[in-house]
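Using the numbering used here, you'd call the opening residue of the first sequence number 126 and step up by one each time.
Heads up, the beta-carbon is just placed ideally off N, CA and C, and yes, glycines get one too.
Keep in mind it's a predicted model, so treat the numbers as computed, not measured.
Have a look at the structure below before the remarks.
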Amino acid sequence: MTRVRTRFAPSPTGSLHIGGIRSALYPNALDRRNGGDFILRIEDTDQNRKVEGSEQEIQDVMTAYGLEWDEMYKQSERLDIYKEYAEKLIESGHAYYSFETKEELEEARSLAEANNQIFKFRSPNRDMPLDEARKRVESGEQYVIRLKTPESEELDYEDAVQGKMRFNTADIDDTILLKSDGYPTYHLAVVVDDKLMEITHVLRGFGWIPSTPKHILIHRAFGWEMPVYGHLTDILNPDGKGKLSKRSGAVAAQSFLNEGYLPEAVLNFLMLLGWSSPEERVHGETERELFTLEDFVEIFDLKDLNKSNQIFDRQKLQWFNKQYIHVLSDDALENRFLNWFKENSDDQKLKEMIVEKGPDYLQEILKLSKQRLTLLSDVPDQIIGFYRRPDKLAFSEVKQLKKIDEKELHLVLSDFLIYLEDQDEDLANWDHDQWEHQVREIADAYELKHGVAFMALRTAITRAIASPPLFETIEILGKKETTERIKEYLS
RNA sequence: GGCCCUAUCGUCUAACGGUUAGGACAUCAGGUUUUCAUCCUGAAAAUCGGGGUUCGAUUCCCCGUAGGGUCACCA
């Protein structure tokens with residue numbers, strides 16, 4: 126059996142789109158499942174659209190998401206190859222030199238449009254004797270090489286995702302294979318490369334379906350066997366209008382990382398967009414939705430891919446992220462946050478304070494905050510109160526305390542202070558049950574609801590409406606800081 | 001407009017032609033909890049429309065409709 130070889134072939138025309146990660150994920154999983162190879166091919170045959178640094182970013186982002194490749198190629202370094210293969214097609218009569226200018230083409234196109242006709246280009250040079258064409262080429266005339274497309278012929282193939290596909294060559298131009306700048310078009314380059322790189326499965330975007338008949342024709346012209354083609358669905362904007370685009374928020378694969386998403390969460394979300402696990406097929410059972418890349422590689426199969434487009438739902442993505450943050454170990458969470466923070470925050474002060482207080486202190490706080498996190502970027506807000514004393518929060522701003530006489534709240538605070546001052550400096554003998562009991566007693570003494578007493582303490586100590594559990598917070602803050610915070614309310 | 005593809009809760013999806021059409025996210029309502037969050041329980045929510053085929057269509061076929069893709073010397 127031939128070795129499975131798949132590829133991901135992005136163009137370095139800007140940041141890698143989040144959809145690109147999904148387009149890379151499927152072939153990557155397919156090859157890993159079958160012990161094959163995954164090829165990264167940079168399709169940079171368009172000199173005009175090339176964006177500096179994009180090629181590197183693609184590699185960095187893929188690495189960050191854990192999608193690794195076995196081989197890498199750049200089409201711009203293979204120009205001679207494409208030219209050679211284009212010439213072969215000239216030799217064999219499957220292609221021809223064509224001399225019309227872009228302007229002439231443009232004119233013909235708009236004329237056809239004006240007459241409400243379909244524009245399907247067949248060059249007048251199509252049947253020019255080869256000698257004559259060669260002479261013009263040698264004389265330095267600008268030319269392109271075009272494929273001789275059959276006048277009208279049914280073409281079909283079995284798409285690994287979409288199923289049976291049928292086309293008619295009458296709808297297809299005489300496709301340009303080699304541009305006048307000597308660069309190949311996508312169509313030539315992709316077929317030649319897939320052949321030379323021995324790609325067995327071509328998984329690519331939905332948008333390529335209409336040009337697949339061209340690729341069939343080119344394969345046939347060379348006398349080559351076709352690889353398996355599978356066209357992946359598109360990811361749509363939340364309103365279902367159009368492919369996912371900037372208008373619904375950042376869509377660069379990198380920006381999700383910057384926003385504090387975990388790569389494995391994004392991957393998990395992405396893999397389920399258009400793919401469902403066979404485990405789901407058991408009617409009535411709770412479906413599994415959490416898959417690591419490794420799990421996915423184990424069970425991925427082309428036949429489980431969906432045929433209709435998906436809408437990008439950030440809420441579900443967030444849910445995945447939350448799941449993955451929750452199961453991170455304390456060490457892992459700390460590392461993830463620190464790495465994220467280093468790259469994505471300019472809060473110099475907090476950075477310094479974190480260093481000053483040391484890793485153990487941070488980890489204690491993170492342990493308390495973990496279940497309140499959705500994104501890594503939620504961390505600073507969660508932890509800041511442990512590093513810097515927040516401004517006082519008025520009791521009147523707290524819903525539960527609004528109707529309570531402030532004097533009574535002060536009594537609660539001062540009573541609590543008495544207990545607190547009884548404690549050792551390091552709060553080593555802290556006993557939550559005991560303290561909880563005491564707070565309740567204080568509340569009873571003033572005929573307050575227990576919740577009110579807790580809330581008064583929370584407000585004075587954390588100065589936040591929502592916070593981690595009170596006693597754990599006090600433990601981390603320490604006796605001194607806690608005492609001072611309470612006293613600020615009593616003065 | 002030509003060509004191609006698609007169509008199950010708001011969203012992602014499951015269902016050998018026979019199920020009370022299942023699950024997840026989101027929503028809503030309860031419960032646990034010192035706040036928030038977590039967690040638990042429950043509710044509401046779908047087969048685009050019309051024709052066939054069949055004893056029986058979410059499922060197969062046709063026609064509409066809607067959505068998407070594509071029609072470059074861009075990929």
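In terms of Cα proximity to Tyr207, the closest of Leu328, Ile324, Asn469, Val317 is Val317. Nearest C-alpha to Glu180 among Tyr190, Asn469, Leu165: Leu165. Contact check for Leu303 against Leu342 fails: the beta carbons are separated by 9 Å or more. The Cβ atoms of Phe437 and Pro388 lie no closer than 9 Å to each other. In the DSSP annotation of this structure, the continuous segment of the beta strand (DSSP E) that includes Thr131 starts and ends at 130-133. Look at the region 256-281 and you find these whole runs of beta strand (DSSP E), each 3 residues long or longer: 269-272. Taking 9 Å as the cut-off, the beta carbon of Trp560 is found closer than this to the beta carbon of Tyr544. Runs of beta strand (DSSP E) with 3 or more residues, each lying fully within the region 150-188, are found at 162-167, listed in chain order. Across the structure, Pro249 and His344 are spaced so that their CA atoms are roughly 24 Å apart. Cα atoms of Lys467 and Arg514: separation of roughly 23 Å, rounded to the nearest angstrom. Note: Asn293 is bridge-paired with Glu279 in the DSSP secondary-structure output.
For Pro403, same chain residues with a beta-carbon under 7 Å away, outside a window of 5 residues either side, are Ile424, Asp429 in chain order. If you look at Ser223, you'll find it in the beta strand (DSSP E) that goes 220-223. If you ignore the 5 residues before and after Val129, its C-beta comes within less than 7 Å of the C-beta of Leu155, Asp156, Asn159, Gly161, Thr325, His326, all in its own chain and listed in chain order. Going by beta carbons, Arg247 and Tyr222 fall outside the 9 Å limit.
Shortest Cα-Cα distance from Gly603 to any of Tyr614, Ala591, Ile586 involves Ile586.
CA-to-CA, the gap between Glu276 and Thr294 works out to about 6 Å. The beta carbon of Asn393 lies closer than 6 Å to those of Phe416, Phe445 in the same chain, with the five residues before and after it left out. The residue from Asn240, Ser470, Arg261 with its alpha-carbon nearest to that of Asp503 is Ser470.
Cβ neighbours of Val537 within its own chain (closer than 6 Å, five residues either side excluded): Ile567, Ala578, Ala581. Around the beta carbon of Leu255, fewer than 16 other beta carbons sit within 10 angstroms, so the residue counts as exposed. Contact annotation: the region 304-316 does not touch the region 366-383, with fewer than three C-beta pairs closer than 8 Å.
Between the C-alpha atoms of Tyr571 and Pro505 there is a straight-line separation of about 37 Å.
Straight-line measurement puts the Cα of Leu361 at about 4 Å from the Cα of Lys368. Of the other Cβ atoms in all chains shown, 16 or more fall within 10 Å of the Cβ of Trp465; this residue is therefore buried.
In the structure shown, Tyr198 adopts extended strand secondary structure according to DSSP, grouped into three states. Of Ser370, Leu493, Glu531, Gln287, the smallest CA-CA separation from Thr337 is found for Gln287.
Ser148 and Gln379 have their C-alpha atoms some 15 Å from each other. Residue state for Lys368 is assigned as strand, using DSSP reduced to three classes. Inter-segment contact for the region 523-541 and the region 595-610 is absent: fewer than three beta-carbon pairs are separated by less than 8 Å. Under a 10 Å Cβ-count criterion, Glu459 is classified as buried, with 16 or more other Cβ atoms of the shown protein chains found around its own Cβ. Judged by DSSP secondary structure, Arg329 falls outside any alpha helix (DSSP H) and instead within the beta strand (DSSP E) spanning 326-330.
The shortest C-alpha to C-alpha distance from Asp485 to any of Gln496, Leu463, Thr411, Gly145 is the one to Leu463.
Asp299 and Leu418 have their C-alpha atoms roughly 42 Å apart. Residue state for Ala377 is assigned as strand, using DSSP reduced to three classes. Distance from Leu328 to Thr131 at the Cβ level is roughly 6 Å; contact confirmed, criterion being Cβ atoms closer than 8 Å.
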